[in-house]
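*Asks:* Position in the sequence shown (first residue = 1) + 1 = the numbering used here. Even for Gly, the Cβ is constructed at its ideal location relative to N, Cα and C.
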Amino acid sequence: MMQRRRLSFVLTAAASVAFLIGTSAGAAGPAPAPAAQEGPTYVFRVPAPLGQKAQDLLARGFDVLEQRDGDDLFVLGTKDVHGKLAEAGYTGTVESVMAPPQFEAKTQGYGVTETYYGGYRTVKAHYAHLDQVALKYATLTTLVDYGDSWRKTQGAGGYDLKAICITKKAPGDCLQIPASRKPRLFVSGQIHAREITTGDMAWRWIDHLTTGYGKDAEVTKLLDTTEVWVVPIANPDGVQIVQSGGDSPKLQRKNANYTNGPRECPTGQDPYAQVGIDVNRNFSVQWGDNGTSSDPCHQVYRGPSPDSEVETKALEKLFRGLFPDKRGPAVTDPAAPDTKGMVVTMHSALNVVLLPWGYTTQPSPNDGKLRAMAADMARLAGGWRYGQPGELLYTAGGSIDDWVYGELGVPHYTWEIGNWEGDCAGFLPAYSCQDGHWAKVKPMLAYAAAKAAAPYAN
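1) Given this structure, state the Cα-to-Cα distance separating ALA32 from THR199, to the nearest angstrom.
2) With distances taken between CB atoms, is the gap from GLY213 to TYR118 smaller than 8 Å?
3) Should the region 49 to 60 be called in touch with the region 394 to 405, which here means at least 3 C-beta pairs below 8 Å?
4) Can you give me the Cβ contacts of TYR1 inside the same chain, cut-off strictly under 7 Å, excluding the 5 residues immediately before and after it?
5) Applying the 10 Å Cβ sphere with the 16-neighbour rule, what's the burial state of ASP238?
6) Near THR221, which residues of its chain fall below 7 Å by C-beta distance, leaving aside the five closest residues on each side in sequence?
7) Going straight from the alpha carbon of LEU316 to that of VAL44, what length do you get?
8) Check for me: the beta strand (DSSP E) holding THR198 runs from which residue to which?
9) Does the distance from the C-beta atom of GLY322 to that of PRO179 stay below 8 Å?
10) Among LEU77, GLY71, ASP72, whose alpha-carbon lies nearest the alpha-carbon of GLY62?
11) Just checking my contact of TYR406 with PRO357 at CB under 8 Å: how many whole Å lie between their CB atoms?
12) For ARG264, count neighbouring C-beta atoms within 10 Å of its own C-beta (all shown protein chains included) and say buried if the count is 16 or more, exposed if not.
13) Who does CYS166 pair with in a DSSP beta bridge?
14) Less than 8 Å between the beta carbons of ASP403 and TYR360, yes or no?
15) Compare the beta carbon distance of SER349 and GLY427 with 8 Å and say whether it is the shorter of the two.
16) Taking C-beta to C-beta, are ARG46 and THR94 nearer than 8 Å?
17) Need the endpoints of the beta strand (DSSP E) that GLY84 sits in, please.
18) When burial is assigned at 16 or more other CB atoms within 10 Å of the CB, is GLU67 buried or exposed?
19) Since I believe VAL345 is in contact with ARG386 (beta carbons under 8 Å), could you give me their beta-carbon distance rounded to a whole number of angstroms?
20) Is it a yes or a no for the region 224 to 231 touching the region 180 to 193, going by three-plus beta-carbon pairs under 8 Å?
21) Hey, how far is the Cα of VAL134 from the Cα of LYS163?
22) Looking only at its own chain, which residues have a Cβ that is under 6 Å from the Cβ of GLN468, when we skip the five neighbours before and after it?
23) Along the chain, where does the alpha helix (DSSP H) that runs through LEU176 open and close?
24) Grab me the residues of CYS434's own chain with a C-beta within less than 6 Å of its C-beta, minus the 5 sequence neighbours each way, in chain order.
25) Mind checking who HIS348 pairs with in its DSSP beta bridge?
26) Any chance the CB of ARG380 is under 7 Å from a heavy atom of the ligand ZN?
27) On the DSSP bridge assignment, give the partners of TYR387 in chain order.
28) Going by Cα to Cα distance, which pick from MET347, HIS193, ASP208, LYS318 is closest to VAL442?
29) Which residue comes first and which comes last in the alpha helix (DSSP H) that contains GLU317?
30) Just to confirm before moving on: does the CB-CB distance between GLN389 and THR415 stay below 8 Å?
31) Using 8 Å for Cβ pairs, my map puts TYR302 next to SER309. What's the rounded Cβ distance?
32) Which residues mark the beginning and the end of the alpha helix (DSSP H) in which ARG152 is found?
33) Which value, in whole angstroms, describes the spacing of the CA atoms of PRO35 and THR114?
34) Going by the DSSP bridge assignment, what does PRO184 pair with across the sheet?
35) CA-CA distance, VAL367 and LYS341?
36) Looking at the structure shown, is THR114 part of a helix, part of a strand, or coil, going by DSSP?
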């Protein structure tokens with residue numbers, strides 16, 4: 002029901018000021034691998050208050066981090082980005098400088114044990130894990146191939162797009178039909194490939210549910226009454242580029258589709274330019290609005306048209322198969338009180354819970370209920386902030402957030418896991434940091450699952 006509405010939000014590149022190493026340039030298919038970055042990485046503090054100043058900074062294609070400090074945003078780049086900011090009319094001061102990586106190591110292990118960067122699982126390991134879980138817990142799980150990545154459609158490697166449904170199975174469960182017997186929680190990770198914490202959170206959630214059934218009362222009750230759908234990696238081609246850096250992961254945000262611009266993005270002017278489309282700017286709701294770029298090498302490149310990417314279309318088709326449309330055609334129409342379901346997309350890193358609308362600062366028709374649940378999630382995480390993206394960062398269009406809520410009426414939340422400072426910050430925290438992240442995310446997931454039955458109920 003939603004080519005008649007234009008709504009949606011997605012987040013710009015988030016980053017750490019502590020563990021940012023490697024390069025973000027990536028190539029797809031048979032294109033040559035990008036060269037490693039030489040020289041240090043800078044994070045610049047840039048005055049850009051909420052409103053037009055912030056939106057203009059995004060529109061110019063700078064790699065704006067998902068962090069705000071009062072009126073200031075933060076931009077990632079090499080030393081010469083300071084001059085480019087000045088040319089664009091912005092003042093910028095150096096917030097931090099990170100030395101370039103000193104070595105590179107490839108992946109280690111094999112199959113389900115294959116890792117990179119100290120313990121993070123590769124795409125191959127994630128998929129082997131899904132196969133292993135589906136075989137071991139056949140009465141609880143159904144493995145679903147919901148599409149193909151861009152590289153796979155081109156015969157250039159690539160991957161299936163995989164989801165797993167977890168519930169105590171009975172006839173009719175885990176089918177892709179909107180009129181489901183049980184309410185559904187949908188959780189996804191790594192739609193932005195370089196946000197590697199999110200894939201690990203998905204892995205742990207899958208294990209928590211499958212190993213806990215029959216042993217943990219909360220898990221058992223949940224799986225007896227609810228379907229939990231997990232997509233651990235929504236952008237596998239992008240993750241393959243990230244993991245190709247080994248101990249110096251490449252900061253690839255987007256997918257691998259290079260056909261709308263140069264086969265390799267020139268890094269002389271922008272060392273962080275990269276091929277691909279930002280899948281989380283490509284959704285049809287409010288596509289092309291604020292916070293997106295028409296430049297194929299920019300981090301927030303929205304693609305040539307709404308839903309142009311196979312990864313985007315596959316997710317939209319999956320959502321339509323899992324959730325009925327419970328919202329009217331007007332922007333002001335609230336979702337029906339009997340709406341079931343909940344969708345969480347995990348990102349990093351800001352320690353916030355974001356709710357629709359993201360494309361505007363105007364509240365959604367269900368703002369009261371959405372905001373109350375966000376407050377509960379933020380409290381469970383230990384005191385995160387919560388609100389609309391335009392209240393905390395900036396507005397942006399074409400994302401999964403407003404698409405899910407705008408098209409179907411289902412509550413959607415973006416969780417930005419981690420922070421931008423400290424030893425466990427940003428895109429690339431040491432793997433040992435994930436225990437701390439999981440301690441916050443696990444109760445939030447349990448809460449979201451419990452709310453899926455009647456999220457808008459009093």
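*Replies:* The structure says:
1) For ALA32, the predicted model reports a pLDDT of 36, less than 50, meaning its position is unreliable and no value from the coordinates is stated.
2) no
3) yes
4) Outside the shown range of the chain (2 to 459) lies residue 1, about which nothing can therefore be said.
5) buried
6) TYR214, GLY215
7) 33 Å
8) Per DSSP, THR198 belongs to no beta strand (DSSP E); it is in the alpha helix (DSSP H), 197 to 213.
9) yes
10) LEU77
11) 4 Å
12) exposed
13) THR143, TRP230
14) yes
15) yes
16) yes
17) Where GLY84 is concerned, there is no enclosing beta strand (DSSP E), although the alpha helix (DSSP H) it sits in stretches over 82 to 88.
18) buried
19) Between VAL345 and ARG386 the Cβ distance is about 17 Å, and since that is not below 8 Å, they are no contact.
20) yes
21) 13 Å
22) Because residue 468 is not part of the residues shown, which for the chain are 2 to 459, the question remains open.
23) Element bounds for LEU176: n/a, residue is neither H nor E.
24) CYS425
25) GLU417
26) As far as ligands go, the structure on display features none, and thus does not contain the ligand ZN.
27) VAL354
28) MET347
29) 311 to 323
30) no
31) So it is not a contact: roughly 11 Å between Cβ atoms.
32) 151 to 154
33) At PRO35 the pLDDT is 37, less than 50, meaning the model places this residue with poor confidence; the figure from the coordinates comes in the next sentence. About 26 Å.
34) None; PRO184 has no bridge partner.
35) Before going on, a small fix: residue 367 reads as Asn here, not Val. Using only the alpha carbons, I get a separation of about 14 Å.
36) helix
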